[in-house]
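In full-length UniProt numbering, the protein residues as written are 1 to 163. So the structure is just underneath, and the comments pick up after that.
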Amino acid sequence: MMEFAPPKNTNGPKMQTKMSTWTPLNHQLLNDRVFEERRALLENGRRLLTVLLECCSLSQQKFCSEALDFTTKLPKVLPLYTFSFLDPRSLCCCAQVSWRWKNLTELDQLWMLKCLRFNWYINISPTPYEQGVWKKHYIQMVKELHVSKPRVNLGKEFLTSAT
1 MMEFAPPKNT NGPKMQTKMS TWTPLNHQLL NDRVFEERRA LLENGRRLLT
51 VLLECCSLSQ QKFCSEALDF TTKLPKVLPL YTFSFLDPRS LCCCAQVSWR
101 WKNLTELDQL WMLKCLRFNW YINISPTPYE QGVWKKHYIQ MVKELHVSKP
151 RVNLGKEFLT SAT
């Protein structure tokens, strides 16, 4: 630590509420309580899955293990081509199916096409490590469409006289 840097207060109330989804590192009682709550939640989920599996027939149980996800079995370019026909709302719904679908549907190759269709260009050059730039740009542009008022320029040809 540098000599002139002010010391960080890790015991203050801000540390306990700033990142409320995280557990504070300095409060052992809260850590223990959150750990027990999460363990109980996982246990309830495991019990629920056990009950569901017990209700299923053997053929129904086999279906889950034999079902194939086309995005994992086909070359990456084919699911991307399939997803390219979807509208943005459907792409966002597909992103909720699985991690694999989320990674595929948030690729810049898909969202760039959606943006360019409306002549929405980005004014930066993203690095190869930046992902989701075009999707973020699409969302920003749609938000601006909803916020901005239409620009109306009434010229003389649109004015009518009462004569």
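Beta carbons are placed, not taken as given, at the ideal position from N, Cα and C, and that holds for glycine. Every value quoted in this text rests on a predicted model; they were computed, and no experiment measured them.
For residue j and residue i, believed in contact at Cβ under 8 Å, the rounded distance
i: T71; j: W101; result: 6 Å
i: W120; j: H137; result: 7 Å
i: Q61; j: L53; result: 6 Å
Per-residue DSSP class, three states only, for residue i
i: Y138; result: helix
i: S59; result: helix
i: A40; result: helix
i: Q28; result: helix
i: L53; result: helix
i: F118; result: coil
i: G45; result: helix
i: L145; result: helix
i: T71; result: helix
Short CB-CB distance (under 8 Å) between residue i and chain B
i: E43; result: Considering every chain present, this structure includes no chain B. It has just one protein chain.
Handout entry: the stretch 100-113 in contact with the stretch 84-91 per 3-pair CB rule at 8 Å
Key = Yes: the two stretches touch, three or more of their Cβ pairs being nearer than 8 Å.
Problem - 4-residue-minimum alpha helix (DSSP H) runs that sit fully inside the UniProt domain "F-box" (73-116), ordered along the chain - result: Taking only runs of at least 4 residues, the alpha helix (DSSP H) segments lying wholly in the UniProt domain "F-box" (73-116) are 77-83, 88-94, 99-105.
Practice task
Say whether the stretch 131-146 touches the stretch 109-120, bearing in mind that this needs 3 or more beta-carbon pairs closer than 8 Å, one atom from each stretch.
Solution key: The stretch 131-146, when compared against the stretch 109-120, does touch it at the 8 Å Cβ threshold.
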